[in-house]
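Structure first, then comments.
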Amino acid sequence: MGTPTSGGRRHRRRARIALPVVAVGLAAAVAGALLTSSAQAAQPLPKPTVGAPSQAELQKRLAIAVAGDDVAGRTTKQTQSAGSRTATVDPKIIGGTTTTVTSAPWMAQLWYGDDRGTATTSDDIGFFCGGAVVSPTKILTAAHCVKGYDWRAHGLVITGTAQLPDVDAEGRIIDAHGGTLSGAWRQWNHPSYNPVTVNNDIAVLTLPNPVRATPIRMTTAGDTTSYKAGTSARLYGWGRTSSATQDISETLKTATLPIQADSTCASYYGADFIKTHMVCAGKPATGSDTGTTSACNGDSGGPLVVGGRIVGVVSWGVEDCVEAGAYSVFSKVTSYVGAVYPRLDDTNVSGDSYADLFARNASTKTLYEIPSKGTALLPRRSWGSWSGYNVLLQTDLDRDGYQDLIVRRASDGDVYWKHYVPAGGTWANKLVGDNWKTRLGIVAPGDVTGDYLPDLLSVDSAGALWIYPGKGNGSFGTRVKAGTGWNRYNVVRGHGDFNGDGRADLIARDRSTGAVYLFRGRGVLGSSAFASGLKVATWSNTTYNALATIGDVNADGKADLLARTPGGTLYLYRGTGANTSASFATRISLGTGFKQYDLLG
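In mature numbering (1 follows the signal peptide of the UniProt record, and there is no 0), the protein residues as written are -41 to -1, 1 to 560.
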């Protein structure tokens, strides 16, 4: 993206964007410790132990990353065979202009530095990728920047600045230019990411603490307007500025690229271009830097933006970026909103991306957290006595990455938001609903209105469904009616997106017929918030006497449903993401003995 202005600083060599070929496990689950909660609940609540790295540790990682010249997904020790795809694709901005953090406040620098635990530096791994803040603790990037790497142990994310950090000869930061340094708490890449075909090249990093950077929204599922040929898109990144050197830009750059038709991309790349999952942009490269505007090394994982929303993530391209006729290739975000959206709301106490179950023993009133590991449950952990409540929901109203709870006090119907405050290491309580004793249902499904902020819903005694639009801080705007007649349902649940379009949905069961309906969210506020009910099952109260929606239980990017028989067997219905009556896969037993619980959520 133009010629770098180094200002006397040494040039940095960075990773070429190419195909990851190694696979390593995701970061380990976060441990929990107990502390005493505040006055509204006298029971002890687990204290999330995030383990955010120290600034000294982050600087160490940066020094390794700065010195590295590795390829995201490969080490410099690996060779490329002449006929392999990894020898011919090499995603990276050449051409373009300097921009500011004010124009792109959501941009993130992703640095990875692993010294491999040895005395020599010859086996160190260090590389650089781009990313975008899509919620206060979430960074959207490319899977090949994440898959196979332990970002929790070796990663560094810098937000809030357009400048790369100034470092001394040892890689220590001299000036971070106002940027915020963060580690990574969790990592997720698309479960179907293929390092050979570079298909499903999308990932999310979760930070241990929220950052102040203003998030940017992703485009919506089914968006076709943004991908029309000729549409102007903006590319952002710090990548290579010339095909002739490995130097990347010291300052954030941007370039305007026209979206190309799928047929144009396929004509050049052939079967390597997968039109439903990829989009290409830019004018055909000229064969040299002159006349070429293209993504290049170091831009990998960065955003392609149309109308203020991310429509693409830098994925791959040709070696050295300027081969005549070539285009930059991006992951097509509209195809992945359904998979990525659950990652924005995947908080749980254990912090491992698997939604966990809360269950209260009916006789002792002891509340238990029962962690999930996909298709099985781990031993339960006590949260103490919760005798005074009759509703419990999991949520993250302030999107800070920490598990929140919504509870209703049985005595007076008051509804509280219980949330962890990292600064003080304590739990706080906030009244969010006064005297909701007669409410027939309370739901915390996530973002219903399409503004990226979690909302709260309730069904009143007359059957009206109300949306309380969240403000992202545990407060809500004026309630808006979304419909009437909801008193026909004896169950109204929701936590996440069931049909794969990136919008929060509801599940409701007819009290007379047992018919279970999926009400698909439309991402708007008001009477059009949900589409008409789509029947997905018929389960009377004698089939299942409890239904629970706790999010994405098996971490596949789709919201799931739990159902308990009167005899106490608990089943997992995995979400398929299908926008049909086949919204759930064949049930899987999670065990017996669940008859003892009177609250599941």
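Don't be surprised by glycine CBs; every beta carbon is placed ideally from N, CA and C.
Buried or exposed for Glu129, please, with buried defined as at least 16 other CB atoms from any protein chain shown within 10 angstroms of its CB.
Burial call: exposed.
Leaving out five residues on either side along the sequence, give the residues of the same chain with a beta carbon under 6 Å from the beta carbon of Leu559.
Non-local beta-carbon contacts of Leu559 in its own chain, meaning distances under 6 Å to residues more than five positions away in sequence, involve Ala318, Ala505 and Ala507 in chain order.
Per the DSSP calculation, Ala505 is bridged to which residue(s)?
Note: Ala505 sits in a beta bridge opposite Arg523.
Endpoints, the beta strand (DSSP E) within which His149 is located
Element bounds for His149: n/a, residue is neither H nor E.
Which residues bound the alpha helix (DSSP H) around Leu17?
Gln14 to Ala26
Does Asp305 come out as helix, strand or coil in the three-state DSSP assignment?
coil
Can you name, in chain order, every residue of its own chain whose Cβ lies under 6 Å from the Cβ of Leu263, other than the five neighbours on each side?
Only Ala192, Leu194, Val270, Gly271 and Phe289 meet the Cβ criterion.
Taking just the CA atoms, how far does Leu326 sit from Trp345?
6 Å
Quick check on Arg340: does DSSP put it in helix, strand or coil?
DSSP, read as helix, strand or coil, puts Arg340 in strand.
Would you call the CB atoms of Leu166 and Gly137 closer than 9 Å?
no
Within the continuous beta strand (DSSP E) that includes Tyr379, where are the two ends?
Val374 to Val380
Looking only at its chain, what residues have a beta carbon closer than 7 Å to the beta carbon of Leu390, apart from the 5 residues adjacent to it on each side?
Excluding five sequence positions before and after Leu390, the CB atoms of its chain that fall closer than 7 Å to its own CB belong to Asp373 and Tyr375, given in chain order.
Using the rule of at least 16 other Cβ atoms within 10 Å of the residue's Cβ for burial, across every protein chain shown, is Val25 buried or exposed?
Val25 should be labelled buried.
Stretch pair the stretch 437 to 451 + the stretch 415 to 429: three plus CB contacts closer than 8 Å
Touching, yes.
I want to know whether the stretch 517 to 533 touches the stretch 142 to 160 - three or more CB-CB distances under 8 Å.
In short, these stretches do not touch, since the Cβ pair count stays below three.
From Arg398 to Val350, what distance separates their C-alpha atoms?
Straight-line Cα distance between these residues: approximately 11 Å.
Assign Asp127 to buried or exposed, taking buried as 16 or more other Cβ atoms, counted over all protein chains shown, within 10 Å of its Cβ.
Answer is exposed; the Cβ neighbour count stays below 16.
Candidates Thr77, Tyr186 and Asp357: closest to Ser434 by CA position:
Asp357
Thinking C-beta only, is Tyr108 closer than 9 Å to Asp73?
yes
Please classify Arg462: is it buried, with 16 or more other beta-carbons within 10 angstroms of its beta-carbon, or exposed?
Sixteen is the threshold: when 16 or more other Cβ atoms of the shown chains lie within 10 Å of the Cβ of Arg462, as they do, the residue is buried.
Below 8 Å, how does it come out for the stretch 453 to 460 and the stretch 469 to 476: are there three or more Cβ pairs, yes or no?
no
Distance, Thr551 Cα to Leu531 Cα
12 Å
Starting from Cys224, follow the alpha helix (DSSP H) in both directions and report where the run begins and ends.
Unbroken alpha helix (DSSP H) run through Cys224: Asp221 to Tyr228.
Neighbourhood of Thr58 by C-beta, 6 Å cutoff - its chain only, sequence neighbours within 5 removed
Leu211 and Thr213
Thinking just about the alpha-carbon of each residue, which of Tyr295, His103, Lys234 and Tyr361 is nearest to the one in Asp305?
Tyr361
I need the DSSP call for Ala441, collapsed to helix, strand or coil.
Strand, per DSSP.
What does the alpha-carbon distance come out to for the pair Gly90 and Ser322?
49 Å
C-alpha distance - Ser341 paired with Leu364, whole-angstrom precision:
For Ser341 and Leu364, the distance between alpha carbons rounds to 15 Å.
With a 10 Å radius around its C-beta and 16 neighbouring C-beta atoms as the bar for buried, classify Gln555 as buried or exposed.
exposed
Can you tell me which of the three DSSP states Ala298 falls into?
Helix.
Look at the alpha carbon of Lys19 and the alpha carbon of Tyr152, and state the distance between them as a whole number of angstroms.
30 Å
Taking the alpha carbon of Tyr227 as the reference point, which residue from Lys242, His236, Gly10 and Asp371 has its own alpha carbon closest?
Lys242
May I have the straight-line CA-CA distance separating Lys291 from Pro217, to the nearest angstrom?
Using only the alpha carbons, I get a separation of about 15 Å.
When you compare the CB positions of Leu17 and Tyr71, do they come within less than 9 Å of one another, or not?
no
With distance defined between alpha-carbon atoms, name the residue in Gly276, Ile233 and Phe232 nearest to Ala244.
Gly276
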